[in-house]
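Below: one structure, written as structure tokens.
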Amino acid sequence: MQTCETLINLKGIRFSYEASKPVLNGVNLLLKKGDRVGLTGANGSGKTTLLMVLVGLVKPTEGTVEIFGRQRTKERDFKEIREKIGFLFQNPDDQLFCPTVIEDVAFGPLNLGMSRKEAIEIADRVLSELGLSHLRERGSHRLSGGEKRLVSLATVLAMNPKILLLDEPVAGLDEETTATVTEILERLPQERIVVAHDKEFLKRVTNQLFSIRKGVITPLGELENLAEREKSPILRPEGRAE
Amino acid sequence: MHGEEFSKGDSFIHRLDPRFKIVLFLAFALTVALSRRVETASMAFLISLILLISARLEISLVFKRLLFANFFVAFLWLFLPFSYEGQPLFSVLGFNATEKGLKESLLITLKCNAILVATFSLLATVPLVELGYSFSSLGFPKKLVHLFFFVVRYVFLLHEEYLRLHSAMRVRCFKPRSNLHTYRTLAFLAGMLLVRSFERAERIFAAMKCRAFKGEFYILKELKAKKSDALFATVFLLLILLLGFLECKHAKLL
Numbered sequence: 002m003q004t005c006e007t008l009i010n011l012k013g014i015r016f017s018y019e020a021s022k023p024v025l026n027g028v029n030l031l032l033k034k035g036d037r038v039g040l041t042g043a044n045g046s047g048k049t050t051l052l053m054v055l056v057g058l059v060k061p062t063e064g065t066v067e068i069f070g071r072q073r074t075k076e077r078d079f080k081e082i083r084e085k086i087g088f089l090f091q092n093p094d095d096q097l098f099c100p101t102v103i104e105d106v107a108f109g110p111l112n113l114g115m116s117r118k119e120a121i122e123i124a125d126r127v128l129s130e131l132g133l134s135h136l137r138e139r140g141s142h143r144l145s146g147g148e149k150r151l152v153s154l155a156t157v158l159a160m161n162p163k164i165l166l167l168d169e170p171v172a173g174l175d176e177e178t179t180a181t182v183t184e185i186l187e188r189l190p191q192e193r194i195v196v197a198h199d200k201e202f203l204k205r206v207t208n209q210l211f212s213i214r215k216g217v218i219t220p221l222g223e224l225e226n227l228a229e230r231e232k233s234p235i236l237r238p239e240g241r242a243e
Numbered sequence: 002m003h004g005e006e007f008s009k010g011d012s013f014i015h016r017l018d019p020r021f022k023i024v025l026f027l028a029f030a031l032t033v034a035l036s037r038r039v040e041t042a043s044m045a046f047l048i049s050l051i052l053l054i055s056a057r058l059e060i061s062l063v064f065k066r067l068l069f070a071n072f073f074v075a076f077l078w079l080f081l082p083f084s085y086e087g088q089p090l091f092s093v094l095g096f097n098a099t100e101k102g103l104k105e106s107l108l109i110t111l112k113c114n115a116i117l118v119a120t121f122s123l124l125a126t127v128p129l130v131e132l133g134y135s136f137s138s139l140g141f142p143k144k145l146v147h148l149f150f151f152v153v154r155y156v157f158l159l160h161e162e163y164l165r166l167h168s169a170m171r172v173r174c175f176k177p178r179s180n181l182h183t184y185r186t187l188a189f190l191a192g193m194l195l196v197r198s199f200e201r202a203e204r205i206f207a208a209m210k211c212r213a214f215k216g217e218f219y220i221l222k223e224l225k226a227k228k229s230d231a232l233f234a235t236v237f238l239l240l241i242l243l244l245g246f247l248e249c250k251h252a253k254l255l
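Protein sequences appear in the order of chains A and B. When you read off a place in the first sequence, starting at 1, and then add 1, the result is the number in this note's numbering. When you read off a place in the second sequence, starting at 1, and then add 1, the result is the number in this note's numbering.
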């Protein structure tokens, strides 16, 4: 029963760019149906690397990657799952490479074997859902930072992914765009792993919080508890007077 | 860096089908490049000027660009007039300038400027992305077209990166001088750009793989030709033929 509810199961993942400094040192992570995992950690702590492991862009030296109930090792296994996992890159400039926005959003669906007409329909629908229809014909290099991020999200959503992997989706965005992205992510139904530094943001778009430190993942507790703790008088100086 | 200064405008030249402009430009440039007569070259220059006026481009910018290119042409004028044998017209420091030499210099200057001005008015009035679409629609090899699109997309980023690094150097009081420190620093800058673009290429490829890239790109845009395109093409082709006629008459081929 439990296996069919498990979407991602990482066991003992180890990886290092340099032999002396392991980035991931035995990471275990479980993503079940309905899970929305938030992941924080210092710069260079391996958050992005972990996401890369999940889609097979980085091959771990040790450990097993199990996704949708099957162990994934070869490039071919990952090709299959990349169609079902939407990965939002940290830098939208890496993600948007087509001449115009509509082509970029339609790129994924076309790769999935849809006809031009279907792909354009899907792309237009996603763009309008995200309120980006006016950017349709714009060249990717003519977008503002916020627009780039939203269009990147559109390119990911156009593939109708089962799971979202979001690498710092609101880093470097202004308040308004952050609010827009937050609202969109709250509304989306997908299970997800979100890497971010902003805990307020994570509280809204995820329901569990983990931290990665020295190559291992430790839970920061259910977010409700976290919120409770933050309400406690000890942590709030102005409450101490009572 | 902008690279698309001339593509914004609403003249009838701007509204022409870019594919027609590319093909006509190539025909024009080839004809001009092959011409050997000052008359033909002057005529071609005149045609390109008419194009320029019809495209209503910002003249100061056109002038600036031309000045830059003619800087190299100026060197020709230093040497070419004195490089041919014949009746000397005048002499400088014992070197004789001949009529043939002067004509040759004038010919090259006219040809060069005619092609340049035609480039501004025909090619540069097409936004880069549409230029790519046209290449694809004209049946250019797929790989070249995609290469072109990637260059358009990332050359701006590379330039931004360069500007960032350059400002970072300047805020730390870097002043280029003719010394080893300068050369080393500039080499660092170039090396850093190379490394960064390599890393970026890897990240882009990763992102493409994540979106199920299977080695195929898709171009969605379809271009449609209008009546005005056909009309312009006819007139322009006639003009090119006229150039050819002028040229051949001289060569006594007709």
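Virtual Cβ for every residue (Gly too), placed ideally from N, Cα, C.
- Along the stretch 121-138 of chain B, going in chain order, the ones with a CB nearer than 7 Å to a CB of chain A are V130 and G133.
- According to the DSSP secondary-structure assignment, K33/A is paired through a beta bridge with T7/A.
- A distance below 6 Å between beta-carbons, with the five flanking residues on each side excluded, links T41/B to the following residues of its chain, in chain order: L244, L247 and E248.
- The beta carbon of I51/B does not come within 8 Å of any beta carbon belonging to chain A, so the residue lies off that interface.
- A direct Cα-Cα distance of roughly 41 Å separates K112/B from D94/A.
- Proximity of V171/A to chain B, defined by a Cβ-Cβ separation below 8 Å, is not satisfied.
- In the DSSP assignment, E119/A falls within the alpha helix (DSSP H) that extends over R117 to E130.
- Against chain A, the beta carbon of F214/B has neighbours under 7 Å at N112, listed in chain order.
- Residue contact with chain A for R165/B: absent (no Cβ-Cβ distance below 8 Å to any residue of chain A).
- Chain order gives the chain B residues near H142/A as V153, R154, F157 and L158, where near means a beta carbon separation below 8 Å.
- Cβ neighbours of L32/A within its own chain (closer than 8 Å, five residues either side excluded): T7, L8, I9, N10, V38, I164, E192 and I194.
- Beta-bridge analysis with DSSP links K22/A to E19/A.
- Secondary structure in the stretch 33-60 of chain A: the beta strand (DSSP E) runs of 3 residues or longer, each lying completely within the stretch, are 37-42 in chain order.
- Taking a C-beta distance under 8 Å as the contact criterion, A155/A and V182/A do not qualify as a contact pair.
- The beta carbon of K210/B sits closer than 8 Å to some beta carbon of chain A.
- Burial is judged here by how many other beta carbons sit within 10 angstroms of a residue's own beta carbon; L181/B has fewer than 16 and is exposed.
- When Cβ-Cβ separations below 8 Å define contact, F98/A makes contact with chain B.
- In the three-state reduction of the DSSP assignment, Q72/A falls in the strand class, which pools E and B.
- Using beta-carbon distances, E130/A does not count as an interface residue toward chain B, since no partner is under 8 Å.
- In this structure, the straight-line span from the alpha carbon of D175/A to that of N92/A is close to 15 Å.
- Residue state for P82/B is assigned as helix, using DSSP reduced to three classes.
- Contacts between T101/A and chain B, judged by CB atoms closer than 7 Å, involve V130 in chain order.
- For R201/B, the chain A residues whose Cβ falls inside 7 Å of its Cβ are D95, in order along the chain.
- F136/B sits away from V127/B, with the two beta carbons spaced by 8 Å or more.
- K9/B and H15/B have their alpha carbons spaced roughly 8 Å apart.
- Counting along the chain, A98/B sits inside the beta strand (DSSP E) bounded by residues F96 to T99.
- The stretch 94-110 of chain A and the stretch 135-153 of chain A touch, with no fewer than 3 CB-CB distances between them shorter than 8 Å.
- Residue contact with chain A for F141/B: absent (no Cβ-Cβ distance below 8 Å to any residue of chain A).
- One finds nothing in chain A with a Cβ atom closer than 8 Å to the Cβ of F7/B; even the nearest lies about 16 Å away.
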